[in-house]
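Asker: Sharing a structure with you now.
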Amino acid sequence: MSDQESEEILSPEHSSVTTSAQHPDTADIVIEVDDVNFSYVKGTEVLRDITMDIRKGEVTALIGPSGCGKSTLLRCINRMNDLIPTARITKGEIRILDTDIYDPKVDPIELRKHVGMVFQKYNPFPKSIYENVAFGLRIQGIKKKPILDEAVERSLKLAGLWEEVKDRLDSSGLGLSGGQQQRLCIARTVAVEPKIVLMDEPCSALDPISTTIIEELITQLKEEFTIVIVTHNMQQATRVSDKTAYFYLGELIEMDETIKIFNSPSRKKTEDYISGRFG
Amino acid sequence: MAVPATEPPFADTADAAENPLYAKRSGLKRRDQVVSTVLAIATYAILACAAFIFLDIIRKGAPVVFESSFPFVNTEFFTKSPESLITFEVEDGSYFEMGSSDYYEWKSANPDVRIVEEHAHPYSGGGILGPLVGTALLTGICIVVALFIGLATAIFLNEYSSEGKFMDSIRLAIMNLAGVPSIVFGLFGLGLFCLVAPVITEVPQERAFLTIPILFTDSYLSFEGWGTCMLAGGFTLAVMILPVIIAACEESLKAIPMGFREASLALGATKWQSISKSVLPYAFPGMLTASILGITRVAGETAPIMFTAALAHKDKLPWQNIPVNEEANFLAQSGEWTGGFLSQSVQAMPYHIYTVAARIPQNEWTRPMQYGSVFVFMVVVMLFAALSIYLRIHYRKKVKW
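Line by line, the protein sequences are chains L and W. Just remember that my numbering sits 1362 ahead of the position in the first sequence, which is counted from 1. Under my numbering, the second sequence has 184 at position 204, and the numbering climbs by one with no breaks.
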């Protein structure tokens, strides 16, 4: 039996966004990815026909083997791919707040104030902890100390770091452990109060204990932010996310509630990946 | 000796009689030893040459600069400009040696004493104040101009420019600038800064390359050059050191990890905010230390300043007695710290050393001045090199990522 036929048997519907009848989605859609193609270099498409929705207050995980395009899609959402001169969206739109973010009227600087990003390799600035967290506010021109103090405390509490560093806010951010530095980066990102937080494999450079701490953090953060997380680690996706999207070779194979994806996926390709037949 | 009675290992090989683990005499090993010896000899030869030069300079120059009694430093050497050394005998047999300014003072203080024999030795008396001041001023102007232009270029090339043939040709041009002979820089500076550079003046000279009247004023923008002055010399030196500064700044910028820029942009900063707050402060120490080394090099250049700034003899320092010329352009007007100051020509250490070493006859009288000047110059260069090493170590400890 060819792959194509077995696909048919597993899933009568081919829509890439399916919802379970028991849990209808009531949350607002925050990010709409509408039939998007993306390429880094003219001629080779890295993402093809991607259509998906990200809903408010949920954690959506993007999973898939290396090179499948999940990080690329993430970086499209806050237009970090603009840094590469030849990269562009060749088809479709990405809409946030019903606005096409690649519209010429949209300023990427303003966009990034609403869509924050936490990177795989934690990169706090070689400044003090306080200055690290206050950085995003300072560049917006906010200088008043009381405002900054309050924002720094709030963000460090959200990142679960306040108790550990409240006595040494002026010490260098680089003096913290790896897990603490990543939480510092999370604090820095949430300090500007974005609506969406994108996380690109935030725990891949960390030890298991720090990973657990950050996963708990993500579960708390989703009360205030919409989170999209790219992860290599399938178990992490089951632990933290509400929705999971499986990517393979630049295509979105399946997206659904996490429980459904991992227990009864609709596509064989998804099942192959989840069961570890390839990685 | 516990030699096993059984057969030794590798007994079936051809060298069964020898222990295969012991050193063999072979051509390869010999070549290895010869090469390491040759390299060591080359290194120590360079060390010997450097030691010879430095020790010679110290031996002959230190007595000129240092004295055995308080204040332990020959202050006259540092407070006077170069002048002629007059040696003379008076009728009662006493013998005097003094610089020409002291000589005239002595003569007016002792008008009745008859001088029997008198010799004037050019460039052997006085001190090196003029050249020191001149070099300091030239280097100062050079640093300001070179750092500004060089840093801007490095930031543009590294952060803003796109790849492409045009950018490659710009980088090639900058690298080629480093290979241009210094005398060519001197002529370039003469041709551009001394003869054609723009000035704002009410009385443009006849020989001006181009004169553009400025609307609503009596002044003209006249491309008549700045003449021989420290401004022209400083700019010429700046152009000369530009490739070094650009390379140093670019290396420092490249060493900053991309993560800083990305993190900053992801927080909603503009490109310049990211560069100025997350990149430049951490690149600055590297730029500084590399620039200091480059500047030390350029302070010793003679050819570029020969035509553009330097005079062999000048009896006043740049801020003294600037002539008042009401009709002159802004650059040449009087006033100690205005443009008039910048348009003065200066003496310079390398040119002074060249003069006392090559342009005047050599004799025992010129030797103290020669070695003294070289010694002071060498000490200054070493101090700057030590400063740059210290700064590099200091900043490396402070900022680590």
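Even glycine gets a Cβ: it sits at the ideal position worked out from N, Cα and C. Note that the structure is a prediction, hence the values are computed from the model and not measured.
(1) Could you pull the DSSP bridge partners for W:S75 from this structure?
(2) Using 8 angstroms as the limit for Cβ to Cβ distance, is L:G1478 near chain W?
(3) For the stretch 208 to 242 of chain W, enumerate the residues whose C-beta is nearer than 8 angstroms to any C-beta of chain L, in chain order.
(4) For the ligand FAD, I want to know if W:P284 counts as a neighbour, meaning its beta carbon is within less than 7 angstroms of at least one of the ligand's heavy atoms.
(5) Does the distance from the C-beta atom of W:G205 to that of W:C174 stay below 8 angstroms?
(6) If you draw a straight line from the alpha carbon of W:F52 to that of W:F46, how long is it in whole angstroms?
(7) DSSP three-state label for L:L1614, please.
(8) Using a Cβ-Cβ cutoff of less than 7 angstroms, which residues in the same chain neighbour W:G130 once the five nearest sequence positions on both sides are dropped?
(9) For W:I192 and W:G171, I'd like the C-alpha separation in whole angstroms.
(10) State yes or no: is the C-beta of W:G214 within less than 8 angstroms of the C-beta of W:L118?
(11) Report back the beta-carbon spacing between W:F364 and W:G41 to the nearest angstrom; my notes put them in contact at under 8 angstroms.
(12) Return the residue from the list W:V96, W:E71 and W:S368 that minimises the CA-CA distance to W:F264.
(13) Say whether chain L places a C-beta atom closer than 8 angstroms to the C-beta of W:H374.
(14) Excluding the 5 residues flanking W:H332 on each side, which residues of the same chain have their C-beta closer than 7 angstroms to its C-beta?
(15) If you compare alpha carbons, which of L:I1621, L:V1514 and L:K1557 is closest to L:R1601?
(16) Whether or not the stretch 1434 to 1453 of chain L and the stretch 1397 to 1412 of chain L are in contact is what I'm after, with contact meaning three or more pairs of Cβ atoms, one per stretch, closer than 8 angstroms; do they touch?
(17) Is it true that the CB of L:L1531 sits closer than 8 angstroms to the CB of L:I1491?
(18) Would you say the stretch 238 to 258 of chain W touches the stretch 145 to 157 of chain W, given that touching needs at least three Cβ pairs under 8 angstroms?
(19) From L:E1472 to L:E1493, what does the alpha carbon distance come to, in whole angstroms?
(20) Could you confirm whether any beta carbon from chain W is found closer than 8 angstroms to the beta carbon of L:N1625?
(21) Using a Cβ-Cβ distance cut-off of 8 angstroms, determine whether L:M1561 contacts chain W.
(22) According to DSSP, is L:A1567 helix, strand or coil?
(23) Tell me, please, which residues DSSP counts as bridged to L:V1336.
(24) Does the contact criterion of 3 or more C-beta pairs under 8 angstroms hold for the stretch 281 to 288 of chain W versus the stretch 1512 to 1528 of chain L?
(25) Take W:E77 as the anchor and find which of W:S49, W:T55 and W:G106 has the nearest alpha-carbon.
(26) Would W:L233 and W:A134 be called neighbours here (beta carbons separated by less than 8 angstroms)?
(27) Report the neighbours of W:A263 on chain L: residues whose CB is nearer than 7 angstroms to its CB, in chain order.
(28) Can you give the Cα-Cα distance for W:L27 and W:I33, rounded to whole angstroms?
(29) Is the beta carbon of W:S199 sitting closer than 8 angstroms to the one on W:T181?
(30) Output the distance between the C-alpha atoms of W:S16 and W:V219, rounded to the nearest integer angstrom.
(31) Looking at chain L, which residues of the stretch 250 to 276 of chain W have a Cβ within less than 8 angstroms of any of its Cβ atoms?
(32) Going by beta-carbon coordinates alone, are L:I1580 and L:V1398 separated by less than 8 angstroms?
(33) If you measure beta-carbon to beta-carbon, which residues of the stretch 1577 to 1608 of chain L are closer than 7 angstroms to chain W?
(34) Is there at least one Cβ from chain L nearer than 8 angstroms to W:L247's Cβ?
(35) Between W:S142 and chain L, is the shortest Cβ-Cβ distance under 8 angstroms, so that the two count as touching?
(36) Quick one: grab the DSSP three-state call for W:T197.
Answerer: In short, the structure shows the following:
(1) For the record, residue 75 of chain W in the displayed sequence is Tyr; it is not Ser. DSSP, once it has assigned bridges, lists W:E69 as partnering W:Y75.
(2) Interface residue, yes.
(3) Those residues of the stretch 208 to 242 of chain W that come within reach of chain L (Cβ to Cβ, closer than 8 angstroms) are P237, G239, F240 and E242.
(4) Because no ligand of any kind appears in the structure shown, any question about the ligand FAD cannot be addressed here.
(5) Their beta carbons are under 8 angstroms apart, which means W:G205 touches W:C174 by this criterion.
(6) The straight-line gap from Cα to Cα measures roughly 5 angstroms.
(7) Residue state for L:L1614 is assigned as strand, using DSSP reduced to three classes.
(8) Cβ contact annotation for W:G130 (same chain, cutoff 7 angstroms, sequence separation greater than five): L222, I225, I226 and C229, in chain order.
(9) Taking the straight line from one Cα to the other gives about 20 angstroms.
(10) Between W:G214 and W:L118, the gap from beta carbon to beta carbon is short of 8 angstroms.
(11) Contact flag wrong, Cβ pair sits at about 18 angstroms.
(12) In terms of CA proximity to W:F264, W:S368 leads the group W:V96, W:E71 and W:S368.
(13) Output row for W:H374: interface = no.
(14) Excluding the 5 residues flanking it on each side, W:H332 has same chain C-beta neighbours closer than 7 angstroms at P62, I108, P111 and S353, in chain order.
(15) Measuring C-alpha to C-alpha distances from L:R1601 to each of L:I1621, L:V1514 and L:K1557 identifies L:I1621 as the nearest.
(16) In this structure the stretch 1397 to 1412 of chain L touches the stretch 1434 to 1453 of chain L; the number of beta carbon pairs closer than 8 angstroms is three or more.
(17) When the beta-carbon positions are compared, L:I1491 and L:L1531 come within less than 8 angstroms of each other.
(18) Counting C-beta pairs with one atom in each stretch, the stretch 238 to 258 of chain W and the stretch 145 to 157 of chain W have fewer than three that are closer than 8 angstroms, which means they do not touch.
(19) Counting only the Cα atoms, L:E1493 lies some 21 angstroms from L:E1472.
(20) It does not; no Cβ of chain W falls within 8 angstroms.
(21) Output row for L:M1561: interface = no.
(22) Coil.
(23) Residue 1336 of chain L lies beyond the stretch modelled for chain L, which goes from 1363 to 1641, so this question has no answer here.
(24) Output reads no: the stretch 1512 to 1528 of chain L does not touch the stretch 281 to 288 of chain W.
(25) Residue nearest to W:E77 within the set W:S49, W:T55 and W:G106 is W:G106 (criterion: CA-CA distance).
(26) Between W:L233 and W:A134, the C-beta gap is smaller than 8 angstroms, which places the two residues in contact.
(27) Neighbours of W:A263 on chain L: none; closest Cβ ~12 angstroms, over 7 angstroms.
(28) If I take the Cα positions, the gap works out to 10 angstroms.
(29) Cβ distance < 8 angstroms, so W:S199 and W:T181 count as in contact.
(30) Going from the Cα of W:S16 to the Cα of W:V219 covers about 42 angstroms.
(31) In summary, the residues of the stretch 250 to 276 of chain W whose CB is separated from some CB of chain L by less than 8 angstroms are T250, Q253, K257, S258 and Y262, in the order they occur in the chain.
(32) In this structure, L:I1580 lies away from L:V1398, with their beta-carbon atoms at least 8 angstroms apart.
(33) Within the stretch 1577 to 1608 of chain L, no residue places its CB atom closer than 7 angstroms to a CB of chain W.
(34) With respect to chain L, the C-beta atom of W:L247 has a partner C-beta closer than 8 angstroms.
(35) Yes, W:S142 lies at the interface with chain L (some Cβ there is under 8 angstroms from its Cβ).
(36) Collapsing the DSSP output to three states places W:T197 in coil.
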